[in-house]
Each structure stands twice: as structure tokens, then as C-alpha cells.
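Numbering (the numbering used here), first residue to last: 1 to 217.
Report on the structure given below.
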Amino acid sequence: MVKIGINGFGHIGQQVTRAAILNGKVQVVAINDPFIELKHMVYMFKYQSTHGKWKGEVEADGDHLIINGHQITVFHEHDPANIMWGSTGAQYVIESSRIFTTKDKAAAHLKGGAKRIIISAPSSDAPMFVMGVNHEKYDPSLTIISTSLYTATQNTVDGPNSDLSRHLYGADQNFPPLSTGAAQGTGKVIPNPHGYDNEFGDCNHVVDLVLYMASKE
1 MVKIGINGFG
11 HIGQQVTRAA
21 ILNGKVQVVA
31 INDPFIELKH
41 MVYMFKYQST
51 HGKWKGEVEA
61 DGDHLIINGH
71 QITVFHEHDP
81 ANIMWGSTGA
91 QYVIESSRIF
101 TTKDKAAAHL
111 KGGAKRIIIS
121 APSSDAPMFV
131 MGVNHEKYDP
141 SLTIISTSLY
151 TATQNTVDGP
161 NSDLSRHLYG
171 ADQNFPPLST
181 GAAQGTGKVI
191 PNPHGYDNEF
201 GDCNHVVDLV
211 LYMASKE
């Protein structure tokens, strides 16, 4: 069983957790998120707007998130260097906070005992691998890699934004073209179709990627 930790329990972190549990070959042993209380983790995981209600059990017990009877240690550290991944047995860490997306920043997870880091967003300097596209090019000498999972976000109602004017309008009535991490990632692993705006891969792919990496150890 490959043991993983997840940094950032937003949409991607939750979906990777779901995918790992349903896969059965990857075990989530730790989650870190300094901004989400444990009781809110329970509610957010159980009731997911896009993918529906979790059909299994989920509850809190002390400092642990319990999903289908499996105990997951929960940390609330702001600095990834302070997350004791090693104490939980986590070998691989999925960096899904959208904050530590460079090799230098993601490397802080190694100080807590993690063996390898997978950044779940395009990185400016970490090599990218996507299952079914270029995963066979992965080299075990690499400690930090990235993969492409993120999509664009848009406000549900009109609101101020300091960036582009198309971000000002609500998603219910407007569908302006927005850049996505997934599209950027596609251009990195398939160099020719830059700008091909399509969601590429899902959270099942990152679980499969972890298993592939583990098979190369």
C-alpha cells in the first residue's frame, strides 16, 4: 500500500482523497490545511457540490479525519517544513494548496519526512508528467514533479476584480474565456497544441501517477 499526504484540502485535495480511497491501492494517511477546521473538513468532504454526497462514512475524532473507518492525521501548519509527514508514514505528498508550486517552495515538504512531492498544478520549474501522455518519461531520480489538475474559477455573482474585466461578471449569466492550469499543463506535456483549452486529466490520474512512481522505486 502506497501512503500519501495531501497539502491543501480544497476541491483538488478532497477529490484526490476520494480517488485514493476508491482506488484501494493508495492510502491517505495525513492531510494538512491551516485554513480549514476539522469539523468543516468533514462537512466539505461529505457534501460535495460537483461530485455529490460521499456514500461512505466520514467523521472527526480528536485530531483525525475518519473516512470509512480509516484514520487520517490532520495538521494545520502554515509552513510545510513543519508538517511531520514522516510521523504518519506518508511517502508521497500531493501539493494541492496552489501556493508551493516551485521546486524550491515544494521542497520544504521533504524536511518533514516526505520522500517525493507531486505538485498538482503547472510549475515554472518542476517537470510535468500526466498519466497516459508522458508518464513513461518519469525518472526515479526526480524528487519533485508536477501534474495538471487545476481549472479556472469564476465568481457566482458580479463583483470587483483587479485583474481583467471579464472576471467581474457572475458565472450564472456569463461564460467568459478564462485561462486554466489544465490548458497550460497540456502545452507542457504536448508542446504543439499550446492554447488548446480543455480540461486534461482528473484526480484519478494523480493517484495512478503515484502508483506508477512507486513501481519504479
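Beta carbons: idealized from backbone N, C-alpha and C, even for Gly.
These figures come from a predicted structure and were not determined experimentally.
Enclosing beta strand (DSSP E) for Lys3 [first to last residue]: Residues Val2 to Asn7.
Tell me which residue opens and which closes the beta strand (DSSP E) that Ala60 is part of. DSSP places Ala60 inside the beta strand (DSSP E), whose first and last residues are Val58 to Asp61.
Beta strand (DSSP E) containing Leu65: first to last residue? His64 to Ile67 is the extent of the beta strand (DSSP E) around Leu65.
Cβ distance (whole Å) where Met44 is taken to contact Gln15 below 8 Å: Rounded, the Cβ-Cβ distance is 11 Å, inconsistent with contact.
Starting from Gln91, trace the alpha helix (DSSP H) in both directions and tell me its first and last residue. For Gln91, there is no enclosing alpha helix (DSSP H), as DSSP marks it with neither H nor E.
What residues in its chain sit with their C-beta under 6 Å from that of Val207, if we drop five residues either side in the sequence? A distance below 6 Å between beta-carbons, with the five flanking residues on each side excluded, links Val207 to the following residues of its chain, in chain order: Ala19, Ala20, Asn23 and Val26.
Applying the 10 Å Cβ sphere with the 16-neighbour rule, what's the burial state of His109? Per the 10 Å Cβ criterion, buried.
Report yes if the C-beta distance between Gly112 and Ile83 is below 9 Å; otherwise report no. Their beta carbons are under 9 Å apart, which means Gly112 touches Ile83 by this criterion.
Can you look up His76 in the DSSP assignment and give me helix, strand or coil? Three-state result, His76: coil.
Among Lys115, Asp63 and Gln48, which residue has its Cα nearest to the Cα of Gly56? Among Lys115, Asp63 and Gln48, the Cα nearest to that of Gly56 belongs to Gln48.
Is Ile72 near Glu95, with beta carbons less than 9 Å apart? Going by C-beta atoms, Ile72 is not nearer than 9 Å to Glu95.
In or out: Lys103 buried (at least 16 other Cβ within 10 Å) or exposed? Looking at its Cβ environment, which holds 16 or more other Cβ atoms inside 10 Å, Lys103 is buried.
What does the alpha-carbon distance come out to for the pair Leu209 and His135? A straight line joining the alpha-carbon of Leu209 with that of His135 spans about 7 Å.
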